[in-house]
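Sequence order for the protein chains is A and B. Mind the numbering: the first sequence is residues 211 to 593 in the numbering used here, read in order. Mind the numbering: the second sequence is residues 35 to 441 in the numbering used here, read in order. Don't be surprised by glycine CBs; every beta carbon is placed ideally from N, CA and C. Reading through the structure tokens given below for one structure.
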Amino acid sequence: MDFQFSDEQQMLRDMLERYLDEQYAFDKRMAAVTSAPGWRPECWQAFASELGILAAALPESLGGLGGSATEHLIVMEAFGRALVLEPYLSTVVLGGGLLARIGGDIAARIASGIASGDVRIAWAQSETQSRYCLHDIQTRARRDGDSYVLSGHKTVVLGAPWATHLLVSVRTAGERLDREGISLLLVDRNTVGIRTQDCPTVDGGRAAEVWFDDVRIPTAALLGTQDHGLELLEPVFDEVVVALCAEAVGVMRKMLADTVAYAKERTQFGVPIASFQALQHRMVDMHLHIEQASALTWLAAMKLDASPRERSMAASAAKVRIGKALRAVGQGAVQIHGGMGIAEELAVGHYFRRATVIEQQFGSVDHHVRRYDALAGEVCHEY
Amino acid sequence: MNIDYSAQEQRFREEVRTWIAEAYDTELREMMVQSKNGFLDKEGQRRWQKKLHARGWAAPDWPAEHGGPGWTPTQRYLFQAEIAAAGCPPISPMGIKMVAPVIMRFGSDAQKARFLPPTLASDIFWCQGYSEPGSGSDLSSLQMKAERDGEHYVLNGSKIWTTHAQWADWMFCLVRTSRDGRKQAGISFLLVDMTTPGISIDSLPLLDGPMPGEQEVNQVFFEDVRVPVDNLIGEEGQGWACAKYLLEFERGNAYGPSLRYQLDKVRQIAAKQPADDGGRLLDDADFRRRLLELEIQVEAVNAAELRIFSGISSGTSIGAASSMIKLAGTETKQLISELAVEAVGPQGWPFIRDTWAEVQGRATEPRPGPDYAGALLPRYFNYRKTSIYGGTSEIQRNIIAKQVLGL
């Protein structure tokens, strides 16, 4: 049993935090958020070349450094701490994760693009009739010669305005909620016929509505086997959920640290507000939330190569515990900061908005308790 | 024990309901639904308040001698309940609810004549200069100086979290006129014309992401601002008593009716939102259970308020019970806003800065997502203020502990 990072992993974290402390200081992030593009290509390039993190978790077979889920934990927690905007999660964890499983030419080509910083992937999954169910898909892909013809509408596609590729979950067979008949296509963002409407998101990011109006995609865009996309996606989805949990840990640790520092400095009634027992207890409760949620996240990372049932239960358990922690820590941080906590000019409010989005991202607490329940069902039958 | 209203009271309620149905027009209604912070813009507020004023209903708590409608406590409650049940805009409280009672109690006849009628008619827009960067919960530690110079006070300092200062014609301000003795004893209550030279205003946008000019709060700076001594309310050093009077005057703002309205909005959203199984979120067992538990909590808050209000006679204050009402009402309001965020899910993530673009004819492209989604997360963020303003939840708990439980 080992919850420690190796020396190399510690170095990765230190190097990344040093870079982010400088390049992702709060005012620099705000400038990026309010700029027209909403991101910084030079940061993404630094992730690729200077820091080498885009390749760190890609397998050696794809030209990466052969890292694992632990590298994702380190990167994502550091990104959460700095509220990084650029799309590591959908590009490296999701995209890289899928490519590592399918191998072959497309994987090698795209992975090399990920490592070099030339490829950025956005996940076009949600639709207007869907909530968190991964197989609630109505976007259709009809096979026509050596093309698929896509039609449908994907909603709130995070990072789409910055993406070179869209990972699109489509239905190639079956009806709306069927688990079978789903295919994953890695589509060039500039394909003729793709229409988008960009918008900012409440947490400082960017997203888009994406419409496919009879768009022709080469069949080479297919990842894995047609109609069996959900089977390919599900283990990687757990990796993505765990990585998101790690980002949440970074967000929460920063909110608590800022809150403790603020409470020590802010005086009212002649004393620092940190001396009030009610506030101390609340900060302690926030600390406990973070400790438990982060430990369960690391456990889930270690179970990513366990049996599918154990892996998925661990990932959902982590997302549940993280979800509850995000709300408690976020609300506590804002409350203890008083008026400053809800003002745009202070960082804590921005962390709170990101925390609010993460809580629902890839499934709410309710959704993941239900997912855990469905998997736990077998155990309960023993009683 | 009786929960029925008399026939007369029921007729009154009908009369209010009928008037609201006519007066609360579609544009105002839609703006309220799309409001990210629970307010209209300045013009919308003025328009609504002028309608109430024309009907004689702008100031239900004012004595008849100054233009109040002369209602019983039950009528006041029923009026407020109907207003809330229809989702009507809130009255800007600074004028009618805050400075006016102080002027009535402590002001001279000349001050009453000058300020009360235009306040009632919403011809003066007021803001409140209380909190300072160094004085929030500990308000009596305020530092803003008012030094006497002939027939003027000269003001230097700054006020913060000043609601709608950018729209205000006048400010009522707590200033420090003396440093002798206890800190409360050196505070005075001064009325300040916002066009006086030396006043500048900085917008303080909150997490709801307001349009320029629509921000809820500001920081106001005073540099050698000359205010006539005629604008002093009461005596020098009586300012803290004026501020405390307002707390005692508090007849009780009921939260119950508006909480029911807000929860009903969540219900409507859940009826339109999809669940994981393809059905309605409203029929999802987990969501439904939490909605119903919150409904029960709203009824509990409502019942507690009714019991408190029915126990007071006209003219008496509700004392420390106002702390319990504020604490429970605001925390429940926050829970409802949280449930709305859960209900809308990812469709609430796109940020719409100008949520009034459609209703005011400015929209250039369709919104991403359903029309109800744009205001929900901003409202959730904005409503974190409710456990902070008007005395934080921590302060309210301290008051209840001391004054109700004797701890």
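Pick out whichever of the options has its Cα sitting closest to the Cα of residue i.
i, options, result
"Asp298 (chain B)", "B:Tyr279, B:Ala118, B:Val254 and B:Pro404", "B:Ala118"
"Glu385 (chain A)", "A:Tyr358, A:Ala351, A:Asn400 and A:Gly415", "A:Ala351"
"Ser126 (chain B)", "B:Gln83, B:Lys217, B:Glu116 and B:His100", "B:Gln83"
"Glu257 (chain B)", "B:Asp264, B:Gly243, B:Ser234 and B:Pro246", "B:Ser234"
"Leu360 (chain A)", "A:Leu396, A:Leu368, A:Tyr229 and A:Pro371", "A:Leu396"
"Ala377 (chain B)", "B:Thr389, B:Ala407, B:Asp172 and B:Val393", "B:Ala407"
"Gly291 (chain A)", "A:Ala565, A:Gln490 and A:His491", "The displayed chain sequence assigns Arg, not Gly, to residue 291 (chain A). When each option's Cα is compared against that of Arg291 (chain A), the closest is A:Ala565."
"Ile312 (chain A)", "A:Glu390, A:Ala279 and A:Leu443", "A:Leu443"
"Asp495 (chain A)", "A:Phe236, A:Lys534, A:Met240 and A:Asp398", "A:Lys534"
"Leu316 (chain B)", "B:Glu372, B:Val209, B:Ile359 and B:Ala304", "B:Ala304"
"Pro103 (chain B)", "B:Glu365, B:Phe46, B:Pro404 and B:Val332", "B:Phe46"
"Ala584 (chain A)", "A:Met523, A:Ile552 and A:Gly480", "A:Met523"
Helix or strand or just coil, what does DSSP make of residue i?
i, result
"Val393 (chain B)", "coil"
"His100 (chain B)", "helix"
"Lys513 (chain A)", "coil"
"Tyr342 (chain A)", "coil"
"Cys122 (chain B)", "coil"
"Ser69 (chain B)", "coil"
"Glu555 (chain A)", "coil"
"Leu361 (chain B)", "helix"
"Gly480 (chain A)", "coil"
"Met245 (chain B)", "coil"
"His198 (chain B)", "coil"
"Tyr406 (chain B)", "coil"
"Ile392 (chain A)", "strand"
"Asp212 (chain A)", "coil"
"Met228 (chain B)", "coil"
"Asp157 (chain B)", "coil"
"Met205 (chain B)", "strand"
"Gly268 (chain B)", "coil"
"Asp38 (chain B)", "coil"
"Leu441 (chain B)", "coil"
"Pro429 (chain B)", "The question names Pro, but residue 429 (chain B) is Ile in the sequence shown. Helix, per DSSP."
"Asp172 (chain B)", "coil"
Can you tell me where the alpha helix (DSSP H) with residue i in it begins and where it stops?
i, result
"Glu475 (chain A)", "Gly439 to Glu475"
"Gln162 (chain B)", "No alpha helix (DSSP H) holds Gln162 (chain B); the beta strand (DSSP E) holding it covers Trp160 to Gly163."
"Leu230 (chain A)", "Asp217 to Gln233"
"Arg322 (chain B)", "Ala319 to Ser344"
"Ala351 (chain A)", "No alpha helix (DSSP H) holds Ala351 (chain A); the beta strand (DSSP E) holding it covers Arg350 to Asp354."
"Asn252 (chain B)", "Taken as a continuous stretch (DSSP letters only), Asn252 (chain B) belongs to no alpha helix (DSSP H), being part of the beta strand (DSSP E) at Asn252 to Pro262."
"Leu86 (chain B)", "Lys76 to Arg89"
"Val539 (chain A)", "Pro518 to His547"
"Ser292 (chain B)", "Gly290 to Lys306"
Looking at the secondary structure, which residues open and close the beta strand (DSSP E) in which residue i lies?
i, result
"Asp408 (chain A)", "Ile404 to Pro410"
"Trp53 (chain B)", "Unbroken run through Trp53 (chain B) is the alpha helix (DSSP H), Ala41 to Ala57; no beta strand (DSSP E)."
"Arg182 (chain B)", "Lys179 to Asp183"
"Gly362 (chain A)", "Ser357 to Leu368"
"Glu419 (chain A)", "Arg416 to Pro428"
"Asp236 (chain B)", "Ile233 to Ser237"
"Ala332 (chain A)", "Ile331 to Ala334"
I believe residue i touches residue j by the beta-carbon criterion, under 8 Å. Please report the beta-carbon distance rounded to the nearest angstrom.
i, j, result
"Gln478 (chain A)", "Gly170 (chain B)", "6 Å"
"Val530 (chain A)", "Val579 (chain A)", "6 Å"
"Val470 (chain A)", "Thr507 (chain A)", "With a Cβ gap of about 22 Å, Val470 (chain A) and Thr507 (chain A) do not count as contacting."
"Leu280 (chain B)", "Leu224 (chain B)", "Their Cβ separation, rounded to whole angstroms, is 15 Å, which puts Leu280 (chain B) and Leu224 (chain B) out of contact at 8 Å."
"Phe257 (chain A)", "Glu296 (chain A)", "7 Å"
"Pro123 (chain B)", "Gly78 (chain B)", "7 Å"
"Pro539 (chain A)", "His491 (chain A)", "According to the sequence provided, residue 539 (chain A) is Val. The question's Pro does not apply to it. Rounded, the Cβ-Cβ distance is 14 Å, inconsistent with contact."
"Lys364 (chain A)", "Thr382 (chain A)", "16 Å between Cβ atoms; not a contact."
"Ala334 (chain A)", "Val420 (chain A)", "5 Å"
"Ser421 (chain B)", "Glu365 (chain B)", "6 Å"
Using beta carbons (cut-off 9 Å, strictly below), is residue i in contact with chain E?
i, result
"Arg563 (chain A)", "This model lacks chain E altogether, as its protein chains are A and B."
Task: the stretch 159 to 166 of chain B touching the stretch 192 to 203 of chain B, judged by at least three CB pairs closer than 8 Å - done: yes
TODO: Check whether the stretch 544 to 551 of chain A touches the stretch 36 to 52 of chain B, taking contact to mean three or more Cβ pairs, one atom from each stretch, closer than 8 Å.
DONE: no
- [ ] Evaluate the contact criterion for the stretch 83 to 101 of chain B versus the stretch 266 to 278 of chain B: three or more CB pairs, one atom per stretch, below 8 Å.
- [x] no
Task: Three CB pairs or more closer than 8 Å across the stretch 557 to 568 of chain A and the stretch 427 to 434 of chain B - done: no
Open item on the list: Between the stretch 326 to 345 of chain A and the stretch 308 to 317 of chain B, can you find at least three pairs of beta-carbon atoms closer than 8 Å?
Closed with: yes
Task: Inter-stretch contact (C-beta, 8 Å, three-pair minimum) for the stretch 571 to 578 of chain A and the stretch 443 to 457 of chain A - done: yes
Task: Three or more C-beta pairs below 8 Å linking the stretch 212 to 231 of chain B and the stretch 99 to 107 of chain B - done: no
Open item on the list: Using 8 Å as the cut-off, can you tell me whether the stretch 226 to 246 of chain A makes contact with the stretch 278 to 291 of chain A, which would need three or more C-beta pairs spanning the two stretches below that distance?
Closed with: yes
Open item on the list: So, does the stretch 236 to 246 of chain B touch the stretch 398 to 418 of chain B, judging by three or more C-beta pairs under 8 Å?
Closed with: yes
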